[in-house]
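Residue numbers (the numbering used here), protein chains in the order written: chain A, 1 to 245; chain B, 1001 to 1245.
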DNA sequence: GACAAATCATGACGCAGCGTCAACAATTGA
DNA sequence: TCAATTGTTGACGCTGCGTCATGATTTGTC
């Protein structure tokens, strides 16, 4: 019977299945394209069953974001342990952030959850999970800055904490990624290669803070592309798979 | 008659009236809170009449954004002509940008239009208007950078155009503003004063590019707060009025 | 001032999509 | 074997967008 053949499919990790189905829809057709009825019918379940797993549509988006942020965290952690020199580690994290943003099916989710319409309707539990992810990411990078201070590679300017110093890099990276993704035709404005442009700014900012070892931009670029390749290989599954599927 | 008393109200600038009504709703209750029926009933018009002015709900949001960007442009222009020294002018524009972002009823609109769900459904005409505003803003700031180059206050690094140099400042400013507005509790992460933090980064970046005249952070701060006060006074009407009303 | 043409206003209607819930089915446990 | 519990279903209520036939108002013309 039809009922039986569906029952054979696991009942356990349906939540993961839902998310797996929802992610590409959200990527390809946006928030409008994702409807509970559609999700239900494509899964061959009734709508009510979905609501046994998620209290509302917004919570599905947050759940996707948790998955994505988990990936971001892993990439950042991998990048931050791939060297012993704090400045190099920070640059490597920059490469991780670039790579993450290039995977639109992950990065775009972050834009959705910063939308108050979505954030506010999701469950507090899920909201908290996201904040934890964010906190852990900040923890990695701020810790790294503190290492640099301990080693005397970096002197924090009067009035800036390690977290606040990192916030600048977070802002410029995230800001440029948002603008690149949403500003229709940066190229028309004269910005042809935003990624490389922002690399240049981060490099200048690092030198501006006199974060040792000072290097030239060539060396900076070489570090970034090397780490970028390493990460791309390490996380190929999570990046490529989810694009095609 | 009831019909007459409403007719007495101007028939001409109803579009402006609609926007005036819509803005505070959008600010206070978000995109969900803004409904065509509500807008219509609060204006004492039928829904169909609204659709004589705007093809859809999204277009209203873009129209609001055009108004806001117009204000941003004026503030930037005022800031950029309030000194003859390019570096000071750029810092003043930074103050304008801070001030603009502090007016949530304007800044929040920008977040909405970067949402593809909204952008894509709006009319091409309105989309184009927005892009023009953006272009004009970039024009001011990039022109300023070019002035600096002409005066030998600034040497563009190999591979960066004036626009690309400006893009860095745009990204860090905008990024920090988005994060401040949407990251629930930056303070928990250790960022207590994002605005002043980003001032510090911009200052460091300017020095990093060796943009003359090099100054100390004290001087930078003083410039910013002076310009901030000047702008606040000049644009008091547009900032305060729209908050209360 | 009378009448036609053009313009504008109206709100009932069709439709899509969210979330609920009473009814029903399956599973568990004794 | 028969509760009791747990899981599934889809029709239903409701909100809100955008349309359009109908009717009102204005404009233009003689």
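Idealized CB from N, CA, C, for every residue including glycine.
Do residue 1167 (chain B) and residue 197 (chain A) have their C-beta atoms closer together than 8 Å? Between residue 1167 (chain B) and residue 197 (chain A), the C-beta gap is smaller than 8 Å, which places the two residues in contact.
Starting from the beta carbon of residue 138 (chain A), find every residue of chain B whose beta carbon is closer than 7 Å, and list them in chain order. Identification of chain B residues near residue 138 (chain A) by a Cβ-Cβ cut-off of 7 Å yields 1189, ordered along the chain.
At a CB-CB cut-off below 8 Å, which residues of chain B make contact with residue 199 (chain A)? None at all; the shortest Cβ gap to chain B is about 10 Å.
Is the number of C-beta pairs between the stretch 46-56 of chain A and the stretch 92-112 of chain A that are closer than 8 Å three or more? Taking 8 Å as the limit for Cβ pairs, the verdict is that the stretch 92-112 of chain A does not touch the stretch 46-56 of chain A.
Residues in the stretch 120-148 of chain A having any Cβ partner in chain B nearer than 8 Å: For the stretch 120-148 of chain A, the set of positions with a beta-carbon nearer than 8 Å to some beta-carbon of chain B reads 120, 127, 131, 134, 135, 138, 142 in chain order.
So, is the C-beta of residue 56 (chain A) closer than 8 Å to a C-beta in chain B? Cβ-Cβ to chain B under 8 Å: no for residue 56 (chain A).
Inter-residue Cα distance where the pair is residue 1117 (chain B) and residue 1061 (chain B): If I take the Cα positions, the gap works out to 12 Å.
At the level of alpha carbons, what is the spacing between residue 7 (chain A) and residue 14 (chain A)? Reliability fails at residue 7 (chain A), whose pLDDT of 49 lies under 50, so the model's placement of it is uncertain and no value is given.
Let's test the definition: count the other Cβ atoms within 10 Å of the Cβ of residue 1113 (chain B) and tell me whether it reaches 16, buried, or not, exposed. A buried status is given to residue 1113 (chain B), since no fewer than 16 other beta-carbon atoms sit within 10 Å of its beta-carbon.
On the DSSP letters alone, give me the boundaries of the alpha helix (DSSP H) that residue 142 (chain A) sits inside. Here the alpha helix (DSSP H) through residue 142 (chain A) covers 124-150.
Helix, strand or coil for residue 83 (chain A) per DSSP? In the three-state reduction of the DSSP assignment, residue 83 (chain A) falls in the coil class, being assigned neither a helical nor a strand state.
Is the CB of residue 227 (chain A) under 8 Å away from at least one CB in chain B? For residue 227 (chain A), the answer is no, since every Cβ of chain B falls outside 8 Å of its Cβ.
DSSP state of residue 45 (chain A), grouped into three classes? In this structure, residue 45 (chain A) counts as coil in the three-state DSSP scheme.
Can the beta-carbon of residue 1205 (chain B) be found closer than 8 Å to that of residue 200 (chain A)? No, they are not a contact pair.
Under three-state DSSP, which class holds residue 69 (chain A)? Helix, per DSSP.
Could you please tell me which residues of the stretch 1015-1038 of chain B, in chain order, have their CB closer than 8 Å to any CB of chain A? Here the close residues are 1030, 1031, 1032.
For residue 1172 (chain B), three-class secondary structure by DSSP: Here DSSP, grouped into helix, strand and coil, assigns residue 1172 (chain B) to helix.
Between the beta-carbon of residue 1148 (chain B) and the beta-carbon of residue 1211 (chain B), is there less than 8 Å? Yes, these two residues count as a Cβ contact at 8 Å.
Quick one: which chain B residues come within Cβ less than 9 Å of residue 246 (chain A)? For chain A, the structure presents residues 1 to 245; residue 246 (chain A) sits outside this window and is missing.
Pick out whichever of B:1223, B:1075, B:1194, B:1172 has its Cα sitting closest to the Cα of residue 1236 (chain B). Closest option to residue 1236 (chain B), Cα to Cα, is B:1075.
If we cut at 8 Å on Cβ distances, does residue 1205 (chain B) have a partner in chain A? Put simply, the CB of residue 1205 (chain B) is near chain A, with a gap under 8 Å to one of its CB atoms.
Taking the straight line between their C-alpha atoms, what separation do you get for residue 189 (chain A) and residue 1194 (chain B)? Their backbone Cα atoms lie some 28 Å apart in a straight line.
Considering residue 1024 (chain B), what are the terminal residues of the alpha helix (DSSP H) in which it resides? Secondary structure note for residue 1024 (chain B): its alpha helix (DSSP H) is the uninterrupted segment 1014-1033.
Taking Cβ positions only, does residue 1160 (chain B) come closer than 8 Å to chain A? Yes, residue 1160 (chain B) lies at the interface with chain A (some Cβ there is under 8 Å from its Cβ).
Please tell me whether residue 105 (chain A) has its Cβ less than 8 Å away from any Cβ of chain B. Cβ-Cβ to chain B under 8 Å: no for residue 105 (chain A).
Report yes if the C-beta distance between residue 144 (chain A) and residue 90 (chain A) is below 8 Å; otherwise report no. Going by C-beta atoms, residue 144 (chain A) is nearer than 8 Å to residue 90 (chain A).
At least 3 beta-carbon pairs within less than 8 Å: the stretch 64-79 of chain A vs the stretch 33-40 of chain A: Put simply, the stretch 64-79 of chain A does not touch the stretch 33-40 of chain A. Fewer than three CB pairs are less than 8 Å apart.
Applying the criterion that 16 or more other CB atoms from any shown protein chain within 10 Å of the CB defines a buried residue, is residue 1241 (chain B) buried or exposed? With a pLDDT of 48 at residue 1241 (chain B), under the threshold of 50, the modelled position of that residue is not reliable, and the figure given next carries that caveat. Exposed, since its Cβ has fewer than 16 Cβ neighbours within 10 Å.
Any chance you could list the beta strand (DSSP E) runs of at least 3 consecutive residues sitting entirely within the stretch 89-119 of chain A, in chain order? Fully enclosed beta strand (DSSP E) runs of no fewer than 3 residues are not present anywhere in the stretch 89-119 of chain A.
Less than 8 Å between the beta carbons of residue 130 (chain A) and residue 1171 (chain B), yes or no? The answer is no: Cβ separation not under 8 Å.
Three-state class that DSSP yields for residue 1245 (chain B) in the structure shown: Because the pLDDT of residue 1245 (chain B) is 36, which lies under 50, any placement of that residue in the model is unreliable, and the number read from its coordinates should be weighed accordingly. Residue 1245 (chain B) falls in the coil class under three-state DSSP.
Straight-line CA distance for residue 1186 (chain B) to residue 1052 (chain B)? Taking the straight line joining both Cα atoms gives about 43 Å.
Could you give the C-beta distance for residue 119 (chain A) and residue 127 (chain A), rounded to a whole number, given that I count them as a contact under 8 Å? About 7 Å separates the two Cβ atoms, so the contact holds.
Within 10 Å of its beta-carbon, does residue 155 (chain A) have 16 or more other beta-carbons around it, so buried, or fewer, so exposed? Exposed.
Cut-off 6 Å between Cβ atoms - residues of its own chain near residue 203 (chain A), not counting five sequence neighbours on either side: Within its own chain, the residues whose Cβ lies closer than 6 Å to the Cβ of residue 203 (chain A), once the five positions on either side in sequence are excluded, are 217, 220, listed in chain order.
Closest Cα partner of residue 30 (chain A) within the set A:215, A:104, A:151, A:55: If we check each option's Cα against that of residue 30 (chain A), A:104 comes out closest.
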